[in-house]
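Enquirer:
In full-length UniProt numbering, the protein residues as written are 1 to 506.
1) Do residue 234 and residue 298 have their C-beta atoms within less than 8 Å of each other?
2) Taking one C-beta from the stretch 441-448 and one from the stretch 413-430 each time, how about it: are there three or more such pairs within less than 8 Å?
3) Please classify residue 35: does DSSP put it in a helix, a strand, or coil?
4) Within 10 angstroms of its Cβ, does residue 53 collect 16 or more other Cβ (buried), or is it exposed?
5) Can you check DSSP and say which residues form a bridge with residue 22?
6) Tell me the DSSP secondary structure of residue 576 in three-state form.
7) Using a 10 Å radius around the Cβ and a threshold of 16 neighbouring Cβ atoms, would you call residue 228 buried or exposed?
8) Quick check on DSSP: helix, strand or coil for residue 301?
9) State the DSSP-derived secondary structure class of residue 442, mapped to helix, strand or coil.
10) Pull up the CB-CB distance for residue 264 and residue 272, whole angstroms please, since I reckon it's below 8 Å.
11) Using DSSP with H/G/I as helix, E/B as strand and the rest coil, what is residue 208?
12) For residue 220, which residues of its own chain have a beta-carbon under 7 Å away from its beta-carbon, when the five flanking residues on both sides are left out?
13) Using DSSP with H/G/I as helix, E/B as strand and the rest coil, what is residue 515?
14) Per DSSP, what kind of secondary structure is residue 182 in: helix, strand or coil?
15) Alpha carbon to alpha carbon, what distance is there between residue 28 and residue 40?
16) Quick one: what does DSSP say residue 214 is sitting in, helix, strand or coil?
17) Sorted by chain position, which residues of the same chain lie with C-beta nearer than 6 Å to residue 468's C-beta, five sequence neighbours on each side aside?
18) Would you call the CB atoms of residue 462 and residue 410 closer than 8 Å?
19) According to DSSP, simplified to helix, strand and coil, what is residue 154?
20) When the Cα atoms are used, what is the spatial distance from residue 368 to residue 376?
21) Roughly how many angstroms separate the alpha carbons of residue 201 and residue 211, rounded to a whole number?
22) Among 427, 208, 181, which one has its Cα closest to the Cα of residue 189?
23) Helix, strand or coil: which one does DSSP assign to residue 195?
24) Pull up the CB-CB distance for residue 237 and residue 261, whole angstroms please, since I reckon it's below 8 Å.
25) Which one of 464, 438, 455, 416 has the shortest CA to CA distance from residue 430?
26) Classify residue 174: buried if its beta carbon has 16 or more other beta carbons within 10 angstroms, exposed otherwise.
27) With distances taken from CA atoms, which of 199, 474, 8 is nearest residue 51?
28) Look at the alpha carbon of residue 563 and the alpha carbon of residue 494, and state the distance between them as a whole number of angstroms.
29) What residues in its chain sit with their C-beta under 8 Å from that of residue 267, if we drop five residues either side in the sequence?
30) Output the distance between the C-alpha atoms of residue 246 and residue 60, rounded to the nearest integer angstrom.
31) Which residues share a DSSP beta bridge with residue 261?
32) Note down, in chain order, each residue of its chain lying with its Cβ closer than 8 Å to the Cβ of residue 491, except the 5 sequence neighbours on either side.
33) Just to confirm, are residue 379 and residue 345 a CB contact at a threshold of 8 Å?
34) If we ignore side chains and look at the alpha-carbon of each, how far apart do residue 10 and residue 34 end up?
35) Between residue 412 and residue 178, what straight-line distance do the alpha-carbon atoms span, to the nearest angstrom?
36) Can you tell me which of the three DSSP states residue 189 falls into?
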């Protein structure tokens, strides 16, 4: 390994294969050898005179002199031959790690081919505290372009570049869990196939879903996912779209979250698979701790919602303390009026009781609203933070507050199926408004047709009339009986206050 002497910068160039280093043998392309030797013969890659004068080893390339008067030394490393990425396992990366040096501050990965993106996320996962630029969010797409249009644009999205908080020694992680897999959902996928895929020794799954994290809502499929999650299998939900993120805006996305599946936000499947392997490989962590790590941005692999970014590493508490410590000038009061509602909602979103308690101790109003009329109680109810909801209610939060869409905290808790939160709100006197109950009959019939017992129970607990008919005059019990869902029929019959009206004749 080349050592820097004087104005030199060292890089470790890791050649991991791909088309860039292949040769034609027998009419087919095969991995070639001696790429570093070929580069040594090219003046734009190697200054032979400088290398001889400084007795540098043969695996080191010296880039030509630049106007910055700093020489770049590239120590090349490659398996002989390095397996093609489709055949490359974690053992290959461990070999690479064992041959590298913890003293090399910069890494350069050379790879060309459809599997190049795996190299990116492989390096991102097992290298920590390195300031090298890494494409943690890269994904391979087919090249396109009509005549005259560029097929690629090279550059750096500088608005996404994150400054290092400090300098630390390079840490190379070698403990990676190999038993992880990728499951791509498609319309009509059989639950039996999913059940077979989720069997041991599998420990983690990246599940590719549609759009913003939606998938089939068949009860048998959701049940398989729920059972697997309850047995300790970690499932990460990623969208197969090239842009966008996993959200709970749709009922099917909410159902996925209710099955115990971790949101991958806007992570690519490649990044999620590597992150899952890394997180599962870390010793001494509980299942809940691993899920928290997966939901946290570790290497720039995901773009968290603005509220989540605020909450990382205690940033929210620092901002609240700073705002509340400002003097009573008019400018300071104006700034507090503008920023404090957002911080209060961010604390409720994260379940941060300590920060909310700081608001209470300083006589701050916990009925603060943001631009959309959301209060901390709305946010906590939507997220299912029962402890936060209990504290807010105890401190006088308005249980009947409505956002701009006319939604109450109780309705949001019902949609999220957060039964403990529903119970707290009902005990505090929360009631669904006539507007919120306007189409409840149709919603109950939809849930009954899908055998969604949890959703039905949430509406019953919130005080909805379970016998309310839909637009066709049928009620949920009749829909369940027609579908032959015995469990749902029994559940609906147990709701003693439900009275099913007879369907109206057509």
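Glycine included, C-beta positions come from ideal geometry on N, C-alpha and C.
Expert: Straight from the coordinates:
1) no
2) no
3) helix
4) exposed
5) 31
6) This structure gives no information on residue 576, because the portion of the chain shown stretches from 1 to 506.
7) buried
8) coil
9) helix
10) 5 Å
11) strand
12) 191
13) No information on residue 515 is available, as it lies outside the stretch 1 to 506 that the chain covers here.
14) strand
15) 26 Å
16) strand
17) 440, 441
18) yes
19) coil
20) 7 Å
21) 29 Å
22) 208
23) helix
24) 5 Å
25) 464
26) exposed
27) 8
28) Outside the shown range of the chain, which is 1 to 506, sits residue 563, and nothing can be said about it.
29) 137, 236, 238, 275, 301, 302
30) 45 Å
31) DSSP output for residue 261 lists no bridge partner at all.
32) 453, 456, 457
33) yes
34) 21 Å
35) 39 Å
36) coil
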